[in-house]
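What follows is a short report on a single structure.
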Amino acid sequence: MPYIALYHPHAYFWMLLVLLFFVSFFLYRANIAKGAKITHMVLRLLYVIMIGTGVGMLVMIGFPLTHIIKGVLAIALIYFMEMILVRTKKGTLKPHFWFYCLGALALVLLLGYRIISF
Numbered sequence: 001m002p003y004i005a006l007y008h009p010h011a012y013f014w015m016l017l018v019l020l021f022f023v024s025f026f027l028y029r030a031n032i033a034k035g036a037k038i039t040h041m042v043l044r045l046l047y048v049i050m051i052g053t054g055v056g057m058l059v060m061i062g063f064p065l066t067h068i069i070k071g072v073l074a075i076a077l078i079y080f081m082e083m084i085l086v087r088t089k090k091g092t093l094k095p096h097f098w099f100y101c102l103g104a105l106a107l108v109l110l111l112g113y114r115i116i117s118f
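Residue numbers (the UniProt record's numbering): 1 to 118.
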């Protein structure tokens, strides 16, 4: 399977993942529980797809260090996104989760578009 066959779904699902994250967040904030639960479950499915395509691409290109770091940051980003949604649902969200989430998102994007490389 060519690398590009995993790259494009991975990139497009990341855009969809961020969009669905904000949709779920605002649905939870508006107390629309049914819609928020549906989008949250779809978001969790996208987490699995993202990790699968990311690992597949890592295997294909031979595990370079920058991509491993990007993968670890992406998993941390998924964790922070999930914590923001769960804590918003429970009403115990702390602002530092947003700081960590946006920082991890910025680093993942900068590493993904090769603006930061080493």
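Ideal Cβ positions, reconstructed from N, Cα and C, are used throughout, including at glycine.
Below 8 Å, how does it come out for the stretch 97–108 and the stretch 66–74: are there three or more Cβ pairs, yes or no? yes
Does the beta-carbon of V55 have 16 or more other beta-carbons within 10 angstroms, so that it is buried, or is it exposed? exposed
Out of curiosity, what's the CA-to-CA distance linking S24 and M50? 18 Å
Out of P95, P9, Y113, which one is the CA nearest neighbour of L46? P9
Return the chain-ordered list of same chain residues with a C-beta closer than 8 Å to the C-beta of I61, the five sequence neighbours on each side being excluded. Y3, H67
C-alpha distance - W98 paired with I84, whole-angstrom precision: Spanning the two alpha carbons is a distance of roughly 7 Å.
With L20 and V42 assumed to form a contact (beta carbons below 8 Å), what rounded beta-carbon distance in angstroms separates them? 6 Å
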